[in-house]
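A.B. asks:
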Ligand SMILES: Nc1nc2c(ncn2[C@@H]2O[C@H](COP(=O)(O)OP(=O)(O)OP(=O)(O)O)[C@@H](O)[C@H]2O)c(=O)[nH]1
Ligand SMILES: [Mg+2]
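Numbering (my numbering), first residue to last: 2 to 571.
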């Protein structure tokens, strides 16, 4: 399904065209029909000759109702730009086209209406004028289809153009994070609150618990309809009517957003790229009261230009927007800015950062995920997904560290390990992130909660004395064939250790640790040195220093002549 919005100057025949195409009158209100003027959004749909469904959102052309037009064009796939052949290009033709560009629309058909009311020259002139006006816009190569809505002349060509448009326009992306900007709220007889809108992201299903931003009132989806049909669940890119239980219709208004609470970052401060209209007669500065139009919402806002004093007409710049209320947003969301005082469209663009943390003087936002990580230094994948929509795997345990932070922390750990010397660095003294980081550093090894340098390249590791110590495990002979200084060097990296003047290979400590654990499992009151001696099948000469080594590492604690469990017992 594709959702297309009409656009164009007042009275140019948008609603008449939609009615002629679909058989549904988009002017829903008595006042609209009486005055022959669209005030609010209208909705209609049709099936194209090839079976494809198209939803239409019909917008008002009158400048006074531009807010309603803006509320209608969030989340659409394409447009029908309607131009009256006799009047040609008019101010809201221009303004609507710019707005459609700002909200990111890339496909459309231009419909030349009322050709039954003018001669061929007028019609041809209108076509030339339109071609000229759309140069450089997304409609530069769009079909221009002359029609007469009352007679249906030109509608075959229009159907063909619509079919091609549907093929060209992209379907919505599915981020699995449902969001519906509400455009209508009403109480349906017997079923309570109904809201309608365009489901732009993620699927929704009957029974889902949702919240409505910004009030964060909770509701349950009792039923879903799309184009009049009931659905158990529905994917993005559809017009939906949601029957909500648990929330009164009087508590909701257009612009509210239905989401699942944990899937969206709600923000009242964003950094964004702003394209300023060419024909604006003044630059954009921080002065002025603005409204930001996002989705179907219209939010009072303050604006600050980033990295410059102002943005000139026709130029692109960076801004920080301070919104009057929280909105669930993601980078890439499009918006339009109007100045409330002069009631004019200023420009529009896309959101770059939904949670800027640098002060405005230093902020240089872009869409890069790396920038978000770099500015925060440490972030969890969940938070990063909320802020960017992008999945990045954790690099250290459950954190993502920026390259700088990773380097800085690794260096600090290495120097702390070096400074700790042969006893090594007790990793309990590190913060949570460093405790995980230290386990993945190639040149640091951890044994029993103590970090030491792992000088794997040290040629001494291959010394025959070390191989012998490893073999003899808990009952080593004395080492006369290796210099004490070299043993001490190896001790610094944890390959060997000394206790009561006896040198052991580090594997002896693993054996002693295992023995202690088994003994304490049998008797938690503690064990004696002789029990350790028997368990390991060694003599007192080795059992005493090993018991001492266990105490020194907190694996056991001495109580009288017994060893009881220490804090580092596995
Ligand atoms: N003869 C003729 N009249 C048309 C045609 N299209 C629209 N009209 C008439 O033009 C008038 C305005 O048409 P609407 O469809 O209400 O115009 P609109 O663009 O929806 O106007 P707003 O929504 O108020 O901006 C109506 O009286 C229509 O009957 C056409 O192709 N031929
Ligand atoms: Mg209309």
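Think of the CB as a built atom: it goes at the ideal place given N, C-alpha and C, for glycine as much as any other residue.
So, for residue 20: in the same chain, excluding its five sequence neighbours on each side, which residues have a beta-carbon less than 6 Å away from its beta-carbon?
C.D. replies: Numbered from its first residue, the chain shown carries residue 20 at position 19. Excluding residues within five positions, the ones whose Cβ falls inside 6 Å are 26.
A.B. asks: Taking the alpha helix (DSSP H) that residue 73 belongs to, which residues open and close that run?
C.D. replies: Sequence index remark: in the chain shown, residue 73 carries index 72 (1-based). Per DSSP, residue 73 belongs to the alpha helix (DSSP H) from 67-73.
A.B. asks: Determine the extent of the beta strand (DSSP E) in which residue 161 is found, giving its start and end residues.
C.D. replies: Residue mapping note: residue 161 aligns to position 160 of the chain shown, counting from 1. Looking at the DSSP string, residue 161 is not in any beta strand (DSSP E); the run it does join, the alpha helix (DSSP H), is 156-169.
A.B. asks: Please state the DSSP three-state secondary structure of residue 104.
C.D. replies: Indexing the chain shown from 1 puts residue 104 at position 103. Three-state DSSP puts residue 104 in coil, outside helix and strand.
A.B. asks: Run through DSSP, which three-state label would residue 53 get?
C.D. replies: In the chain shown, counting from the first residue as 1, residue 53 sits at position 52. It is coil, neither helix nor strand.
A.B. asks: Taking 7 Å as the limit between beta carbons, can you name the residues of its chain near residue 104, skipping five residues before and five after?
C.D. replies: Counted from its first residue, the chain shown places residue 104 at position 103. Cβ within range, chain order: 74, 75, 335, 337 and 349.
A.B. asks: Do residue 82 and ligand 1 come close, with the Cβ less than 6 Å from some heavy atom?
C.D. replies: Here residue 82 refers to the residue found at position 81 when the chain shown is read from its first residue. It does not: the Cβ of residue 82 is nowhere closer than 6 Å to a heavy atom of ligand 1.
A.B. asks: For the alpha helix (DSSP H) that residue 188 lies in, which residues bound it at each end?
C.D. replies: Within the chain shown, the letter at position 187 stands for residue 188. Premise fails: residue 188 lies in the beta strand (DSSP E), 180-189, not in any alpha helix (DSSP H).
A.B. asks: Let me know if residue 136 comes out buried or exposed under the rule of 16 or more other beta-carbons within 10 Å of its beta-carbon.
C.D. replies: Taking the chain shown and counting its residues from 1, the one referred to as residue 136 is at position 135. Exposed, since its Cβ has fewer than 16 Cβ neighbours within 10 Å.
A.B. asks: Within this structure, are the beta carbons of residue 259 and residue 181 separated by less than 7 Å?
C.D. replies: Here residue 259 refers to the residue found at position 258 when the chain shown is read from its first residue. Here residue 181 refers to the residue found at position 180 when the chain shown is read from its first residue. Cβ distance < 7 Å, so residue 259 and residue 181 count as in contact.
A.B. asks: So the beta strand (DSSP E) residue 581 belongs to, where does it begin and stop?
C.D. replies: The structure shown has nothing for residue 581, since the chain only spans 2 to 571.
A.B. asks: Would you say residue 39 touches ligand 2, meaning its beta carbon is less than 6 Å from a heavy atom?
C.D. replies: Stepping through the chain shown from its first residue, residue 39 is reached at position 38. Yes, the beta carbon of residue 39 sits closer than 6 Å to at least one heavy atom of ligand 2.
A.B. asks: Would residue 507 be called buried (16 or more neighbouring beta carbons within 10 Å of its own) or exposed?
C.D. replies: As a working mapping, residue 507 is identified with position 506 in the chain shown. Buried, by the Cβ-count rule.
A.B. asks: Measuring CB to CB, does residue 268 end up less than 7 Å from residue 213?
C.D. replies: Numbered from its first residue, the chain shown carries residue 268 at position 267. Numbered from its first residue, the chain shown carries residue 213 at position 212. Contact flag unset, no.
A.B. asks: At a threshold of 6 Å, does residue 15 count as lining ligand 1 (C-beta to nearest heavy atom)?
C.D. replies: Within the chain shown, numbered from 1, the residue matching residue 15 stands at position 14. Yes - ligand 1 has a heavy atom lying nearer than 6 Å to the Cβ of residue 15.
A.B. asks: Mind the definition here: the segment 44-62 touches the segment 160-168 only if three or more C-beta pairs lie below 8 Å; say whether that holds.
C.D. replies: Yes, they touch.
A.B. asks: What is the DSSP secondary structure of residue 381, counted as helix, strand or coil?
C.D. replies: Position 380 of the chain shown, counted from the first residue, corresponds to residue 381. If DSSP states are grouped into helix, strand and coil, residue 381 belongs with coil.
A.B. asks: Between residue 46 and the rest of its own chain, which residues show a CB-CB distance below 8 Å, the 5 nearest in sequence each way excluded?
C.D. replies: Along the chain shown, one-based indexing puts residue 46 at 45. Result list for residue 46: 23, 25, 54, 55, 56, 57, 228 and 240, in chain order.
A.B. asks: Is residue 381 near ligand 1, with its Cβ less than 6 Å from a heavy atom?
C.D. replies: Locating residue 381 in the chain shown gives position 380, counting from the first residue. Result no, Cβ not under 6 Å from ligand 1.
A.B. asks: Can you round the beta-carbon distance between residue 453 and residue 425 to whole angstroms, since I take them to be within the 8 Å contact cut?
C.D. replies: Mapped onto the chain shown, residue 453 falls at position 452. Mapped onto the chain shown, residue 425 falls at position 424. Yes, residue 453 and residue 425 are in contact; Cβ-Cβ is about 4 Å, under 8 Å.
A.B. asks: Hey, is residue 329 close to ligand 1, as in C-beta under 6 Å from one of its heavy atoms?
C.D. replies: Walking along the chain shown from the start, residue 329 turns up at place 328. Every heavy atom of ligand 1 is 6 Å or more from the Cβ of residue 329, so no.
A.B. asks: Could you tell me if residue 297 is buried or exposed, where buried requires 16 or more neighbouring beta carbons within 10 angstroms of its beta carbon?
C.D. replies: Within the chain shown, residue 297 is the residue found at index 296, counting from 1. Residue 297 comes out buried.
A.B. asks: Please determine whether the Cβ atom of residue 114 lies at a distance below 6 Å from any heavy atom of ligand 1.
C.D. replies: Stepping through the chain shown from its first residue, residue 114 is reached at position 113. Yes, ligand 1 has a heavy atom inside 6 Å of this Cβ.
A.B. asks: Mind checking residue 516: buried by the 16 CB within 10 Å criterion, or exposed?
C.D. replies: Locating residue 516 in the chain shown gives position 515, where the first residue counts as 1. It counts as buried.
A.B. asks: Compute the Euclidean distance between the alpha carbons of residue 201 and residue 11, then round it to the nearest angstrom.
C.D. replies: As a position in the chain shown, residue 201 is number 200, starting the count at 1. As a position in the chain shown, residue 11 is number 10, starting the count at 1. Those two C-alpha atoms are separated by around 28 Å.
A.B. asks: Fully enclosed by the segment 334-410, which alpha helix (DSSP H) runs are 4 residues long or longer?
C.D. replies: DSSP runs (the alpha helix (DSSP H)) wholly in the segment 334-410: 370-377 and 382-389.
A.B. asks: By the 10 Å Cβ neighbour count, where 16 or more other Cβ atoms means buried, how is residue 481 classified, buried or exposed?
C.D. replies: Numbered from 1 along the chain shown, position 480 holds the residue referred to as residue 481. Per the 10 Å Cβ criterion, exposed.
A.B. asks: Should residue 92 be counted as a contact of ligand 1 given a C-beta to heavy atom distance under 6 Å?
C.D. replies: Walking along the chain shown from the start, residue 92 turns up at place 91. Checking every heavy atom of ligand 1 against the Cβ of residue 92, none is found closer than 6 Å.
A.B. asks: What are the residues that DSSP puts in a beta bridge with residue 230?
C.D. replies: In the chain shown, counting from the first residue as 1, residue 230 sits at position 229. Paired residue(s): 227.
A.B. asks: For residue 591, report the span of its alpha helix (DSSP H) as first-last.
C.D. replies: Here the chain has residues from 2 to 571 only, and residue 591 is not among them.
A.B. asks: Measure the CB-CB distance between residue 140 and residue 109 and report whether it falls below 7 Å.
C.D. replies: One-based indexing of the chain shown puts residue 140 at position 139. One-based indexing of the chain shown puts residue 109 at position 108. Against a cut-off of 7 Å, the Cβ pair of residue 109 and residue 140 comes out as a contact.
A.B. asks: Are there 16 or more other CB atoms within 10 angstroms of the CB of residue 134, so buried, or fewer, so exposed?
C.D. replies: In the chain shown, counting from the first residue as 1, residue 134 sits at position 133. Burial call: buried.
A.B. asks: Output needed for residue 225: all residues of its chain with C-beta closer than 8 Å, excluding positions within five of it in sequence on either side, in chain order.
C.D. replies: Residue numbering aside, residue 225 sits at position 224 when the chain shown is read from its first letter. Within the same chain, residue 225 has close Cβ partners 205, 206, 207, 231, 232, 233, 234, 235, 241, 242, 243 and 244.
A.B. asks: Quick one: what's got a C-beta closer than 8 Å to residue 445's C-beta in the same chain, skipping five residues either side?
C.D. replies: Here residue 445 corresponds to residue number 444 of the chain shown, with the count starting at 1. Same-chain partners within the cutoff: 414, 415, 418, 439, 452, 453, 454 and 455.
A.B. asks: Please determine, among 434, 128, 102 and 562, the residue with the shortest C-alpha to C-alpha distance to residue 407.
C.D. replies: Your numbering for residue 407 matches position 406 in the chain shown. When only C-alpha atoms are compared, the closest one is 434.
A.B. asks: Give the secondary structure of residue 207 by DSSP, where H, G and I count as helix, E and B as strand, and everything else as coil.
C.D. replies: Translated into positions along the chain shown, residue 207 becomes position 206. Coil.
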